[in-house]
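A quick write-up on the structure given underneath.
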Amino acid sequence: MARAISTKRKSVNTAIAGTLGFLMFFPILWILILSFKTEEDAIRAPLQILFDSGWTLDSFAAVQARSDYFKHFSNSVIISVGSTLIGLMIAIPAAWSMAFVPSKNTKNVLMWMLSTKMLPPVGVLVPIYLIFRDTGLLDSRFGLTIVLTLMNLPIIVWMLYTYFKEIPGEILEAARMDGASLREEVLYVLTPMAIPGMASTVLLNIILAWNEAFWTLNLTAAKAAPLTAFIASYSSPEGLFYAKLSAASIMAIAPILIMGWFSQKQLVRGLTFGAVK
Amino acid sequence: MSTKASRSAARLMISPAVILLLMWMIVPLVMTVYFSFLRYNLLSPGATPWAGWDNYYWFFTDPSFKDAIWNTLALVGGILLITVIGGIGFALLLDKPMFGTGVIRIMVIAPFFVMPTVSALVWKNMFFNPVNGIFGNIATSLGFQPIDFFAEIPLLSIIFIVSWMWLPFATLILLTALQSLDQEQLEAAEMDGANWGNRFWFIMLPHLARAITVVILIQTIFLLSVFAEILVTTNGGPGTATTNLTYLIYVSSLLQFDVGMGSAGGVIAIILANIVAIFLMRMIGKNLDA
């Protein structure tokens, strides 16, 4: 029995939820505003900032000039996209075989892969750091990409597996009967059907890699530092820096915020390993 | 039906992932355990003699270890309390009919996508700073003495920041779970005269129980490893007031270069995380069968 809900009740709900939502979002909104202010204005009282100060793009230029922001931005792009693509190349065959040619070990393998994700990174900090130091991988984009690939590989395999599982096996069998080779089957039949699932896997993984802040902080210094590590350098301020911190932060979180909005639903699935759907 | 050929192809296709993860898991793990029994400091090169359980002994008797364990528990417990209760509240609220659902939901979820270093620095400077921060400004204009958050209530401040980032996660998952609840069941209960409190307690909460458990377990695993937020705000201080286990291990291995001691801490962290992981794995495994 569906009931009509009165407009008044809907308005009350909207007002309460809207206020709370605004409070949650406010810090992000606030740095967006501050990023368009001068440093002098950015530390004035909040009301003065809102109603009694001009707007400027100077902070964005200053951030770039001061520390080559774009280099760190591209580090973030290379590391997160790179680790996702490599991860995908390793994970697609693995997920395919577990979803369509399951054996009695499949479940154990899946669970074991997941268990590697439970290992706290700090537990292996020392060996990884020493291996990186001895092989010259410290502060290199390559090294960081490898670590993030391995870190997120279980999630990629797991997500792809759940998406592949939803594809009816009969379709693949029909392709096989028509004489498609294994390669053709994967490439021309499975892949197109799995594209939505793969797209959300890619999105979630880029988000996780972009925001990863344990390995990026411990394994990079200046050269390979992605945005997480670069922003951390603002923790020891010299002089006025609120507007610049805001500008740097807004540019760092904007791409991920947009991606995140698109992948809300898949996020639940990916982050709970299918335990909540 | 799978043929023998496709089965061996399948094994071939899964092997890169298995081998890589095996290396990623076993090699560093064995090294950590091995290092934890050595007297090994990067500042004193040369021999690294066997030390037996010494590192563990020193790590356990170090007064900062007790602080770190306590801080870790307070951090994880505090954040779980805030995010689970807040998450249930938000999920119930967002599940109601309203205007602009999409926009409101996006605003609530947004903090989850902010990288840890950004959220920590933004809260630290723009809100918690007693002179220039918004909270300080509000306090001053109302005639109160502004609080110096990171000096007076450092651990609570960090709990607050991390909760801001994880509340959206709990909300998102609990909301997803809530939306799978059969509406007719609720309406039937309502017609039978159950008030909102009864409906929440006897229908919604049991339905959410599973999702709540998942939220608690997953968050615990991530929260045991909170690091960046501490590094950029307090550096574990004042004193050891905000040093958690992860940060303590970072200090002894990468700042004091004591590989042996850091590794002993690492082993302890792994054991702690595993206790939680066992429960989580069991729940996920059950779901895999269904």
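Line by line, the protein sequences are chains A and B. Residue numbers for the first sequence follow the working numbering, beginning at 1 and rising by one. Residue numbers for the second sequence follow the working numbering, beginning at 1001 and rising by one. Ideal Cβ placement from N, Cα and C applies to all residues, glycine included.
Between B/Thr-1233 and B/Ala-1120, the gap from beta carbon to beta carbon is short of 9 Å. Relative to A/Ala-252, the option among A/Ile-231, A/Asp-139, A/Arg-44 whose CA is nearest is A/Ile-231.
Contact check between the stretch 1215-1226 of chain B and the stretch 1069-1085 of chain B: three or more CB pairs, one atom from each, fall below 8 Å, which counts as touching. Between the C-alpha atoms of A/Ile-167 and B/Met-1098 there is a straight-line separation of about 35 Å. For B/Leu-1038, the beta-bridge partners assigned by DSSP are B/Trp-1050.
Contact annotation for A/Leu-267 against chain B: Leu-1172 [CB-CB distance below 7 Å, chain order].
For the stretch 241-257 of chain A, the set of residues with a beta-carbon nearer than 7 Å to any beta-carbon of chain B comprises Tyr-242, Leu-245, Ser-249, Ala-252, Ile-253, Ile-256, Leu-257, in chain order. It is roughly 39 Å from the alpha-carbon of A/Leu-119 to the alpha-carbon of B/Ile-1134. For A/Tyr-129, the enclosing alpha helix (DSSP H) has its first and last residue at 125-134. A/Asn-152 and B/Ala-1047 have their C-alpha atoms roughly 37 Å apart. Annotation for B/Trp-1123: no alpha helix (DSSP H) segment contains it, and DSSP assigns it neither H nor E. Inter-residue distance for A/Ile-90 and A/Phe-51 is about 54 Å (C-alpha atoms, whole angstroms). Beta-bridge partners assigned by DSSP to B/Asp-1258: B/Asn-1041. Using a CB distance below 7 Å, the part of the stretch 76-102 of chain A facing chain B consists of Ile-90, Ala-91, Pro-93, Ala-94, Trp-96, Ser-97, Met-98, Val-101, ordered along the chain. Across the set A/Met-259, A/Ala-254, A/Val-122, A/Leu-203, the C-alpha of A/Val-122 shows the shortest separation from the C-alpha of B/Gly-1262. At a beta-carbon threshold of 8 Å, the residues of chain A lying near B/Asn-1274 are Met-118, ordered along the chain.
What B/Val-1018 touches in chain A, judged by beta-carbon distance under 9 Å, is Ala-94, Val-109, Trp-112, Met-113, going in chain order.
Straight across, the Cα-Cα distance linking B/Lys-1286 with A/Thr-116 is about 18 Å.
For the stretch 1034-1047 of chain B, the set of positions with a beta-carbon nearer than 8 Å to some beta-carbon of chain A reads Phe-1035 in chain order.
Contact annotation for B/Val-1108 against chain A: Ala-17, Leu-20, Gly-21, Met-24, Phe-25 [CB-CB distance below 9 Å, chain order]. Counting along the chain, the unbroken alpha helix (DSSP H) around B/Ile-1230 starts and ends at 1228-1233.
Apart from the 5 residues on each side of it in sequence, A/Tyr-242 sits with its Cβ closer than 7 Å to the Cβ of Leu-34, Glu-39, Ala-42, Ile-43 in its chain, given in chain order. Taking C-alpha positions only, B/Gly-1136 is separated from B/Phe-1127 by approximately 7 Å. B/Leu-1181 has its alpha-carbon roughly 44 Å from the corresponding atom of A/Leu-245. With fewer than 16 neighbouring CB atoms inside 10 Å of its own CB, A/Ala-61 falls in the exposed class.
Residue B/Pro-1130 holds the alpha-carbon nearest to the alpha-carbon of B/Ile-1153 among B/Pro-1130, B/Phe-1169, B/Ala-1051, B/Leu-1175.
For a Cβ distance threshold of 8 Å, nothing in chain A lies close to B/Asn-1071: the least Cβ distance comes to about 14 Å. For B/Thr-1240, no Cβ of chain A is located within less than 9 Å of the residue's own Cβ. Taking a cut-off of 8 Å on C-beta distances, the stretch 1183-1190 of chain B does not touch the stretch 192-205 of chain A, as fewer than three cross pairs fall below it.
Taking C-alpha positions only, A/Trp-158 is separated from A/Pro-102 by approximately 14 Å.
Residues of the stretch 1249-1264 of chain B whose Cβ lies closer than 7 Å to any Cβ of chain A, in chain order: Ile-1249, Tyr-1250, Ser-1253, Leu-1254, Val-1259, Gly-1262, Ser-1263.
DSSP, read as helix, strand or coil, puts A/Asp-41 in helix. Across the stretch 1224-1237 of chain B, CB contacts with chain A closer than 8 Å involve Leu-1224, Ser-1225, Phe-1227, Ala-1228, Leu-1231, Val-1232, Thr-1233, in sequence order along the chain. Of all residues in the stretch 1198-1210 of chain B, the ones placed with a Cβ closer than 9 Å to any Cβ belonging to chain A are Arg-1210, in chain order. Each residue's CA atom was taken as its position, placing A/Val-109 and A/Ile-49 some 56 Å apart. For A/Ser-67, the nearest beta carbon of chain B is not closer than 9 Å to its own beta carbon.
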